[in-house]
Amino acid sequence: MEGTQVRYQQGDVILTLTDNIPSSQHNIVDCDNKVVIAEGEGTGHHHRFELDKLSPEVSVQGWKKRWDEFPTMVQITGGSATLYHEEHNPINLPGGVYQITFVREMDHISRRERRVVD
Amino acid sequence: MNNLLRFYDTVMKEKVGYIHTYGINTCKHAIFIKMSNKQVNMYISAYASTDNNPLIKLYDNHLIITAKTGAWHYKDLERHGLMMNIHWRWERNGNIVTFPNVETIPFVYMKVSYNSSLLTKIPKKIQKAYDDLIETNRQERNAASRSNYHNKQAMIRLNEAEQTGDYNKYMRMDDVFKLHNVTDRRNVIAHFGMDTIIATLDHKLVDVDTVGNNYYELIEIDIPDNGELTGYRKGTYLRMVNPSTEEIHFEGVPNYEVPPPPGNRIGWSNRIEANTVKAALAWRNDNLGGNYIPPRILT
Chain A
1 MEGTQVRYQQ GDVILTLTDN IPSSQHNIVD CDNKVVIAEG EGTGHHHRFE
51 LDKLSPEVSV QGWKKRWDEF PTMVQITGGS ATLYHEEHNP INLPGGVYQI
101 TFVREMDHIS RRERRVVD
Chain B
1001 MNNLLRFYDT VMKEKVGYIH TYGINTCKHA IFIKMSNKQV NMYISAYAST
1051 DNNPLIKLYD NHLIITAKTG AWHYKDLERH GLMMNIHWRW ERNGNIVTFP
1101 NVETIPFVYM KVSYNSSLLT KIPKKIQKAY DDLIETNRQE RNAASRSNYH
1151 NKQAMIRLNE AEQTGDYNKY MRMDDVFKLH NVTDRRNVIA HFGMDTIIAT
1201 LDHKLVDVDT VGNNYYELIE IDIPDNGELT GYRKGTYLRM VNPSTEEIHF
1251 EGVPNYEVPP PPGNRIGWSN RIEANTVKAA LAWRNDNLGG NYIPPRILT
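So the sequences go chain by chain: A and B. Per my numbering, residue 1 is the first one in the first sequence, and the count goes up by one each step. Per my numbering, residue 1001 is the first one in the second sequence, and the count goes up by one each step.
Here's what the structure looks like:
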């Protein structure tokens, strides 16, 4: 099942095409005409959809659980949308519902696993 | 040891099969049973459960420590004055028992006099295991001392660097591996950059692979660690190129270790499935079973 999944990756963010949005998810309101799905800790860089650059018929909607800061799912309808980041080339994502996950790394100094942040 | 002799004398006055109970604490009892006209066995009952093996077999002029149960029972006997002048302790890697005349690791059926001297000759195998334990403990203590010393020295340098703001003058790149405090380490990493620090260390190339159009190297680095006996420990990293900016960077992945036996899941999530780039990428992206699923587009 996992092997057939369609994935897109921009740096530390992985978007996996999925079927639908669980009922436990709440949609979030875009801010400054952007849907930000992840933000760097100190750099201010962020992975985002810029809504004012979308075709008129395309919409991007972020979904998250009540306690999450950023969306854990994103829904693109009406066409494709582009994901932007300061240090990575843009990705054009076809319409659909995507699960958002993150790359992890092992910190051998503290001997702990953590999320990669770029 | 006189206390045990007192129990022996008390029980010996009774018939074979006589049971005498002595409360060690609220949940642990010593049970003395007269087995014959020459022998009394002492069992331990803890939390209403009694071990089948006697802790001690008592005779008129000596006793036998069976050492078939946990050492903690003997420590309790020592703590409550039932086993005087015999000291049990855990030291780093194993139990050690000290008699007035000799020190050893516990072994089964230790014959001891009532003045607490070990009468049994220590078997060669036990003596070697004891010598190995003492040597390992010595090396570990020295390693810990070295680690503490280098931590202190690095902290002195870090204080000077923070007061003057001149990290380049006072700090060394490998101080990040010497400091014990995580926040201090983070400050040093923030100054030098982790990629730069890793690039200065000796490394071994483990695997190379090209996935999509992206070239990866899996490398093993000897991370200086004064707390280790060797002075180093292994750290595995993926060396990769950002396909968008062509910058090189390193990301840590767990070390590859021989898989645990079937059914034993200890450490299952803290290792990569194989010493390969693809297994490291699979762990990095949280793909199940170590099978890497390349993204359709990667930027």
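Think of the CB as a built atom: it goes at the ideal place given N, C-alpha and C, for glycine as much as any other residue. Since we're looking at a predicted model, the values are computed, not measured.
Quick check: is the beta carbon of residue i nearer than 7 Å to any beta carbon in chain A?
i, result
"serine 1244 (chain B)", "yes"
"glycine 1212 (chain B)", "no"
"arginine 1141 (chain B)", "no"
"glycine 1252 (chain B)", "yes"
"isoleucine 1297 (chain B)", "yes"
"isoleucine 1223 (chain B)", "yes"
"arginine 1185 (chain B)", "yes"
Can you tell me whether residue i is buried or exposed, with buried defined as 16 or more other CB within 10 angstroms of its CB?
i, result
"glycine 62 (chain A)", "buried"
"valine 1258 (chain B)", "exposed"
"tyrosine 1130 (chain B)", "buried"
"isoleucine 1056 (chain B)", "buried"
"glutamine 1139 (chain B)", "exposed"
"methionine 1 (chain A)", "Unreliable placement is indicated for methionine 1 (chain A), whose pLDDT of 49 sits below 50; the coordinate value is still reported in the next sentence. Exposed, by the Cβ-count rule."
"serine 1116 (chain B)", "buried"
"isoleucine 1096 (chain B)", "buried"
"alanine 1154 (chain B)", "buried"
"lysine 1038 (chain B)", "exposed"
"histidine 88 (chain A)", "buried"
"valine 1176 (chain B)", "buried"
"threonine 16 (chain A)", "buried"
"lysine 1125 (chain B)", "exposed"
"glutamate 1251 (chain B)", "buried"
"proline 1123 (chain B)", "exposed"
"leucine 1298 (chain B)", "buried"
"leucine 1229 (chain B)", "exposed"
"proline 71 (chain A)", "buried"
"alanine 1282 (chain B)", "buried"
"valine 1208 (chain B)", "exposed"
"arginine 1089 (chain B)", "exposed"
"valine 1108 (chain B)", "exposed"
"leucine 1118 (chain B)", "buried"
"isoleucine 1019 (chain B)", "exposed"
"threonine 1276 (chain B)", "buried"
Quick check: is the beta carbon of residue i nearer than 7 Å to any beta carbon in chain B?
i, result
"asparagine 20 (chain A)", "no"
"valine 6 (chain A)", "yes"
"isoleucine 37 (chain A)", "no"
"glutamine 9 (chain A)", "yes"
"valine 103 (chain A)", "yes"
"isoleucine 100 (chain A)", "no"
"isoleucine 109 (chain A)", "yes"
"methionine 122 (chain A)", "Only positions 1 to 118 of chain A appear in the structure, and residue 122 (chain A) is not among them; the question remains open."
"glutamate 87 (chain A)", "yes"
"methionine 73 (chain A)", "no"
Compute the beta-carbon to beta-carbon distance between residue i and residue j, rounded to the nearest angstrom, for a pair I have assumed lies under 8 Å.
i, j, result
"histidine 1087 (chain B)", "threonine 1104 (chain B)", "So it is not a contact: roughly 12 Å between Cβ atoms."
"asparagine 1026 (chain B)", "aspartate 1051 (chain B)", "The residue you asked about is not asparagine; residue 1026 (chain B) is threonine in the sequence shown. About 18 Å separates the two Cβ atoms, so there is no contact after all."
"alanine 1280 (chain B)", "valine 1253 (chain B)", "4 Å"
"lysine 1028 (chain B)", "serine 1045 (chain B)", "7 Å"
"methionine 1171 (chain B)", "isoleucine 1197 (chain B)", "Contact flag wrong, Cβ pair sits at about 11 Å."
"methionine 73 (chain A)", "isoleucine 21 (chain A)", "6 Å"
"arginine 1284 (chain B)", "glutamate 105 (chain A)", "7 Å"
"valine 58 (chain A)", "isoleucine 76 (chain A)", "7 Å"
"glycine 1227 (chain B)", "alanine 1144 (chain B)", "6 Å"
"aspartate 1222 (chain B)", "aspartate 1202 (chain B)", "6 Å"
"asparagine 1137 (chain B)", "asparagine 1093 (chain B)", "6 Å"
Run through chain C and tell me which residues come within less than 7 Å of residue i, C-beta to C-beta.
i, result
"isoleucine 91 (chain A)", "Chain labels in this structure do not include chain C; the protein chains are A and B."
Would the region 97 to 111 of chain A count as touching the region 7 to 16 of chain A if we require 3 or more Cβ pairs under 8 Å? A contact is defined here as three or more CB-CB pairs under 8 Å, and the region 97 to 111 of chain A meets this definition with respect to the region 7 to 16 of chain A.
Please confirm if the region 78 to 94 of chain A is in contact with the region 48 to 60 of chain A, defined as three or more CB-CB distances below 8 Å between the two stretches. Contact between the region 78 to 94 of chain A and the region 48 to 60 of chain A is present, with at least three C-beta pairs closer than 8 Å.
Contact list for the region 1274 to 1286 of chain B against chain A, Cβ threshold 9 Å: Within the region 1274 to 1286 of chain B, contact with chain A at the beta-carbon level (separation under 9 Å) is assigned to Trp1283, Arg1284, Asn1285, Asp1286.
Contact set between the region 1226 to 1242 of chain B and chain A, restricted to residues whose Cβ is under 9 Å from the partner: Within the region 1226 to 1242 of chain B, the residues whose Cβ lies closer than 9 Å to some Cβ of chain A are Arg1233, Lys1234, Gly1235, Thr1236, Tyr1237, Leu1238, Asn1242, listed in chain order.
Residues from the region 41 to 66 of chain A in contact with chain B, defined by Cβ distance under 8 Å: The residues in question: there are none.
Please determine if the region 1030 to 1039 of chain B and the region 1003 to 1019 of chain B are in contact, where contact requires at least 3 C-beta pairs separated by less than 8 Å. Because the criterion of three Cβ pairs below 8 Å is met, the region 1030 to 1039 of chain B and the region 1003 to 1019 of chain B touch.
If contact is defined by three or more beta carbon pairs under 8 Å, each pair taking one atom from either stretch, is the region 1233 to 1245 of chain B in contact with the region 1212 to 1223 of chain B? They touch, by the three-pair rule.
Can you give me, in chain order, the residues of the region 1156 to 1186 of chain B that have a beta carbon less than 8 Å from any beta carbon in chain A? Val1176, Phe1177, Val1182, Arg1185: these are the residues of the region 1156 to 1186 of chain B whose beta carbon lies less than 8 Å from some beta carbon of chain A, given in chain order.
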